[in-house]
Amino acid sequence: MNGSREVILGRIRRALLRPGPGQGQEHGSLNGVQSSSGRVDPVQLFGQFQEQSERVGGEPRLCTDSEEALRGIQDLVVAAAYRRVAVSNHEICRRHRLAQVLSDLLPEVSLWIEEGNSDSGSSRRRNSRQLAQADLSITGAEFLIAESGTVLIASTGSSRQISLLPTAHLVLATPDQICPDLAAVFQQLGTAPEEGRLPAALTMITGPSRTADIEKVLIKGAHGPVRQLTWVIGRL
Amino acid sequence: MNRSPSQFKILASENVADQRLRNTFQSATGHALGQRAQSVQLVPEWEDLRERAHRIKEETVEHLDFYLEKLEASVIRRGGRVFWARDASEASNYVVNLCRRLQAPTVVKSKSMAAEEIGLADALESGGVEPVETDLGEFIIQVAGETPSHIIAPALHMTRQQIGKLFHEKFGIPYTDVPAELCAFARQRLRREFLSARLGISGVNFAAADTGTIVIVENEGNARLCTSLPRVHLAIMGLEKVIPRFADLPLFLKLLARSSTGQRQTSYVSMISGPRREQEWDGPEEFHLILLDNGRSDILADPRMRRSLYCIRCGACLNTCPIYQRVGGHSYGSVYSGPIGSVLTPLFQGLEVAKDLPYASSLCGSCSNICPVKIDLHHQLLWLREKLVSRRATPWQERLAMSLFAAGMKDPTLYRMGSALLRLLLKVSGRGNRPFAVPGWSPTRDFPALAETSFKQWWEDNRPGGEG
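First to last, the protein sequences are chains A and B.
For the first sequence, our numbering gives the first residue as 1, with consecutive numbering after it.
For the second sequence, our numbering gives the first residue as 1, with consecutive numbering after it.
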């Protein structure tokens, strides 16, 4: 709060005394984008997600069960010769006991496990340096958006930096998390999410980090992950 | 490199003569327009969405005080701090003081037109703080000591060879003009800055009043880094970036991504509501939001120009503008270029300083047609011209010509006499039917020759089944 607050608000109020194009109209009932669909066939939803994610350079995949996903991770790590892998504390990672299973499957890989929240700034900084060295991170997501091939993650599910600093980022998800479009996600988030439900950071990720700032040439991996993988585990 | 909007004519004629620069802007804007058209085509309700967005912006701007107070309350409720800045120096001082308190020798900064507008980077430097631009394009032009030439692609005017040479000279790395290698170098270099900075500065694309959520749209991930790693996050926004509801975001995000780059969704959209919560792993401990006026409340005071505050900075009007395509962003001598820049710069910096900008338009209306929030940009430009005329700020020759024209158009006899006189003058001057040279017009364009007879005369002679 500062002195200029009253000055600025005063100037705005004086300015608005001169009626503009829409003054006096009540637009309170205006809504934004309507979700395009009611119930959609899960096969179709995943198909759309896959198509859109691939369009922007993402690597989507369907794994029928936990076993296939775990084997897939093993293959991925071996094929790309990843040496450092970070696993988040997201519910889905714990459900598949990733930390334990991966240390058995990939004994030569150095695993970094995200543990409960770290209250001190110095330990968070240490974590940042660790994560900046990681080749691959594995996290969960809150929603997948079929229309654009997007995953939505929350700062309550895992740290912000684990999906950002490593070279590759793998999201594990379930078929019921796929929504047709952004409007449908927002309907689930609630029209005006109350205090408790809205995390400090909600992030939508659509494909790998990119830039076209040099002569409009598209480059993957500007500041964030070079690879963005999304694996949906389960039967559609 | 300091340019002023008062130099528009000089800068534009220099840039228009630079064939390479013209090619760059033509192809880049053409590419962006193509991408946009493709993605807009897939949204049959596009016109309806534009109309909704226009009405939501109208509602917001017409009740700006209400929504700003609501936004402030929501941000504070979520543990953030709000600072109202009347002008550039108030905003900059706040940031410099914050850096002093944090004892931060450097700050990492992501792209923000508002920060650009107030010259925040320069203010930080004078305050003894090193601002590190982290968007690749911004980083390049910061190293080059340049200014942005496009809202979305700041280094659009530079070639890969120029950038390669620049990095080679400034950082001593081996010369390369491979974009991916240049980008990889910047990534590596900036990572160090991200990991050590205590303050991250970002812009704001939208701020939802009901939840206090600020939204940042980007492709590179540098804004995510700026808002995730440092201990403190400061966001700066022009007052007009507020939107009423969190639930309005799907609409605006859809319009922004498709209009600016033709993407369905940018790589990253961050929706930030206050500082890190206690149960969360990481994120800044403090969140500061600067609400910047800097002339916006003056724009608001003119009901006709008010709509320019609906702008969501997508850059589509730049891409589609036949003038921008040819003269490029630097000609406008201001951070805001293209049609929206030609409206905002005179309003921010004064009509006298930027009196050529309202004329940097053919009034074709392409900007108004493409604008995702339906700002009637070409009308705004026309109204600015009207202001200039009523202030007698146009050249006396033009005023004289216009008053003669007005008199002639009102009186058929005067009109006939005038056009006869003009023909006679041309005949006796020995120029045949070629009009006189007019400075500012004829050096670059041919003046069409006058017809031998006036249309009225021709009609009387040739009217089918006429008097004869």
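The beta carbon of each residue, even a glycine, is placed where N, CA and C say it ideally should be.
None of these values were measured; they are calculated from a predicted model.
Using DSSP with H/G/I as helix, E/B as strand and the rest coil, what is proline 303 of chain B?
coil
Is the CB-CB distance between methionine 474 of chain B and valine 204 of chain B below 8 Å?
One cannot answer for residue 474 of chain B here, as it falls past the ends of chain B, which runs 1 to 468.
Within 8 Å of any Cβ in chain A, is that where the Cβ of methionine 271 of chain B sits?
yes
Taking its Cβ as the centre, do 16 or more other Cβ atoms sit within 10 Å of leucine 189 of chain A, making it buried, or is it exposed?
buried
When A/Ala173, A/Thr230, A/Glu215 are compared against proline 60 of chain A, the one with the closest alpha-carbon:
A/Thr230
Same chain, Cβ closer than 6 Å to glycine 468 of chain B, five either side skipped, listed in chain order
The pLDDT assigned to glycine 468 of chain B is 45, lower than 50, so where the model puts this residue is not dependable; a value taken from the coordinates is nonetheless given after this. Hits under 6 Å: none found.
Does any CB atom of chain A fall closer than 8 Å to the CB of leucine 384 of chain B?
no
For the alpha helix (DSSP H) that methionine 158 of chain B lies in, which residues bound it at each end?
Per DSSP, methionine 158 of chain B belongs to no alpha helix (DSSP H) and is neither H nor E.
Which stretch, first to last residue, makes up the alpha helix (DSSP H) that contains proline 250 of chain B?
249-260
DSSP three-state label for alanine 141 of chain A, please.
coil
Tell me the DSSP secondary structure of tyrosine 94 of chain B in three-state form.
helix
Taking CB distances under 8 Å as the criterion, tell me whether glycine 20 of chain A reaches chain B.
yes
In this structure, how does DSSP classify serine 29 of chain A when only helix, strand and coil are distinguished?
Because serine 29 of chain A carries a pLDDT of 44, less than 50, the predicted location of this residue cannot be relied on, and no value is offered for it.
Bridge partner(s) assigned by DSSP for histidine 288 of chain B:
B/Arg81, B/Leu234
Any Cβ of chain A within less than 8 Å of the Cβ of proline 346 of chain B?
no
Kindly list, in the order they appear in chain B, the residues whose Cβ is closer than 8 Å to that of histidine 90 of chain A.
Going along chain B, no residue has its Cβ under 8 Å from histidine 90 of chain A, so there is no contact; the nearest lies around 11 Å.
Leaving out five residues before and five after serine 454 of chain B in sequence, what residues of the same chain have Cβ atoms less than 7 Å from its Cβ?
Ser419
How big is the Cα-Cα spacing for glutamine 228 of chain A and arginine 231 of chain B?
27 Å
Quick check on the DSSP output: the beta strand (DSSP E) that includes threonine 230 of chain A runs from which residue to which?
227-233
Less than 8 Å between the CB atoms is what I'm expecting for alanine 20 of chain A and proline 244 of chain B, so what's the real figure, rounded?
The sequence as given places glycine at residue 20 of chain A; alanine does not occur at that position. Going by Cβ atoms, the distance from glycine 20 of chain A to proline 244 of chain B rounds to 16 Å, so no, they are not a contact pair.
Minimum C-alpha distance to leucine 248 of chain A - residue among A/Ser110, A/Leu16, A/Gln177, A/Leu198
Since the displayed chain A opens at 1 and closes at 236, residue 248 of chain A lies outside it and no answer follows.
Compute the Euclidean distance between the alpha carbons of isoleucine 243 of chain A and leucine 363 of chain B, then round it to the nearest angstrom.
Residue coverage of chain A in this structure runs from 1 to 236, which leaves residue 243 of chain A outside it and unanswerable.
Leaving aside the five residues before and after serine 228 of chain B along the sequence, list all residues of the same chain whose C-beta is less than 7 Å from its C-beta, in chain order.
Asp282, Gly283
Can you pull the DSSP bridge partners for tyrosine 268 of chain B?
A/Ile205, B/Glu218
Using 8 Å for Cβ pairs, my map puts aspartate 248 of chain B next to isoleucine 56 of chain B. What's the rounded Cβ distance?
6 Å
Bridge partners - phenylalanine 206 of chain B, DSSP secondary structure assignment
B/Val215
With a Cβ-Cβ cutoff of 8 Å, do phenylalanine 49 of chain A and glycine 149 of chain A count as a contact?
yes
Can you name the residues of chain A whose CB is closer than 8 Å to the CB of serine 39 of chain B?
The contacting residues do not exist; serine 39 of chain B stays about 10 Å from chain A at best.
Given glutamate 352 of chain B as reference, the closest of B/Phe252, B/Arg385, B/Thr261, B/Val242 once Cα atoms are compared:
B/Arg385
According to DSSP, residues forming a beta bridge with leucine 110 of chain A:
First, the residue type needs correcting, since residue 110 of chain A is serine and not leucine in the sequence shown. Its beta-bridge partners are A/Arg84.
Within the continuous beta strand (DSSP E) that includes isoleucine 237 of chain A, where are the two ends?
It is not possible to answer for residue 237 of chain A, since the shown part of chain A is limited to 1 through 236.
Valine 40 of chain B classed as buried or exposed, judged by whether at least 16 other C-beta atoms fall within 10 angstroms
buried
Compile a chain-ordered list of the residues in the stretch 205-238 of chain B whose CB is closer than 8 Å to at least one CB of chain D.
Looking at the structure shown, chain D is missing, and the protein chains on hand are A and B.
If you run the structure through DSSP and keep just helix, strand and coil, what is glycine 219 of chain A?
Per the sequence shown, residue 219 of chain A should be read as isoleucine rather than glycine. Strand.
Under a CB-based cut-off of 8 Å, is tryptophan 458 of chain B close to chain A?
no
Do you know whose CA, among A/Val232, A/Pro199, A/Asp75, lies nearest threonine 139 of chain A's CA?
A/Val232
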